[in-house]
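Q: At position 129 of the sequence shown the residue is numbered 129 (full-length UniProt numbering), and the sequence of numbers has no breaks.
Think of the CB as a built atom: it goes at the ideal place given N, C-alpha and C, for glycine as much as any other residue.
A quick note: this is a predicted structure, and the numbers were derived from the prediction, not measured.
Below: one structure in structure tokens.
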Amino acid sequence: MTRSDSSDLPDTGPIDWVLSTTRSVRKRLDFDRPVPKEIVLEALRLAVQAPTGSNAQGWQWVVVEDQAKKNAIAELYRTAWASYAGNAKPDEIPGQQGRVVGSAQYLAENLQRAPLFVIPTIKADVPVRDMPDGALAGFYGSIIPAAWSFLLALRSRGLGSAWTTLHLLHEAQTRQILGIPDDFVQVALLPVAYTIGTDFKPAQRAKPVEAITHWDSWGATLA
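Shown next as structure tokens:
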């Protein structure tokens with residue numbers, strides 16, 4: 001398709017809106033509104049359109065709705081958060097970073113209230129620690145694009161989530177709670193809920209893309 005065929009392309013406005021406003025949502029997750037299973041399945045149907053290495057499609061998705069299991073995983077998450085954050089006090093951290101820490105702390109304290117957790121997993125033929133760098137990049141590159149597509153699909157349906165990985169500090173315990181086989185690797189924990197409002201905006205980034213994009217050689221930027 002040439003540039004002159006642009007009339008055959010979809011309007012990029014809604015697509016750009018989803019791409020630029022899919023935030024890590026924590027304080028604006030609606031913990032009181034149930035999430036229908038079909039909405040999750042719709043989003044997963046879109047997620048598995050993402051590419052995978054060698055078209056292996058080794059993904060499996062664990063949706064956690066059982067409250068006792070959510071409570072147990074959330075407790076592991078809080079233990080990991082305490083270890084990670086230490087004595088950090090959001091009110092004493094200036095600017096945006098303080099707000100981010102406060103938001104993350106809120107999620108740790110309330111994680112079990114999310115209607116659903118979704119944990120993307122992928123089959124590993126050899127232990128991750130034994131994979132060379134190239135194979136490791138391909139391995140995670142076969143599941144992370146799909147998981148991010150899932151978040152984009154949630155956003156387009158009025159739901160939100162946050163990409164979290166702290167539970168992986170207690171990966172074995174989470175595996176036991178959910179009965180995940182030993183040859184499947186957990187990649188993230190995604191709390192899923194409708195959002196309180198949908199008026200999310202593009203984030204402010206520290207540098208313009210011209211300053212972080214290198215053309216042909218490192219250092220050859222347009223900034």
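On a Cα-Cα basis, can you pick out the residue from 14, 20, 13 that is closest to residue 203?
A: For the purposes of this step, residue 203 is taken as residue 203 along the sequence shown, with counting starting at 1. For residue 203, the nearest C-alpha among the options comes from 20.
Q: If you reduce the DSSP assignment to three classes, tell me which class residue 17 lands in.
A: Taking the first residue of the sequence shown as 1, we reach residue 17 at position 17. The answer is helix: DSSP assigns residue 17 an H, G or I state.
Q: Can you give me the Cβ contacts of residue 38 inside the same chain, cut-off strictly under 8 Å, excluding the 5 residues immediately before and after it?
A: Taking the first residue of the sequence shown as 1, we reach residue 38 at position 38. Taken in chain order, the list of residues that qualify is empty.
Q: Taking residue 231 as the reference, which of 90, 112, 95 has the closest Cα?
A: The first residue shown for the chain is 1 and the last is 223, placing residue 231 beyond what the model contains.
Q: Please state whether DSSP places residue 193 in a helix, a strand or coil.
A: For the purposes of this step, residue 193 is taken as residue 193 along the sequence shown, with counting starting at 1. Reduced to three states, the DSSP call for residue 193 is strand.
Q: Going by DSSP in three states, residue 35 sits in which element: helix, strand or coil?
A: Taking the first residue of the sequence shown as 1, we reach residue 35 at position 35. If DSSP states are grouped into helix, strand and coil, residue 35 belongs with coil.
Q: Does DSSP put residue 122 in a helix, a strand or coil?
A: For this step, residue 122 is matched to residue 122 along the sequence shown. Residue 122: strand per DSSP, three-state reduction.
Q: Between the alpha carbons of residue 113 and residue 73, how many angstroms are there, rounded?
A: By 1-based counting over the sequence shown, the position of residue 113 is 113. By 1-based counting over the sequence shown, the position of residue 73 is 73. Cα atoms of residue 113 and residue 73: separation of roughly 12 Å, rounded to the nearest angstrom.
Q: To the nearest angstrom, how far is it from the Cα of residue 211 to the Cα of residue 219?
A: For the purposes of this step, residue 211 is taken as the residue at position 211 of the sequence shown. For the purposes of this step, residue 219 is taken as the residue at position 219 of the sequence shown. Going by the C-alpha atoms only, they are around 9 Å apart.
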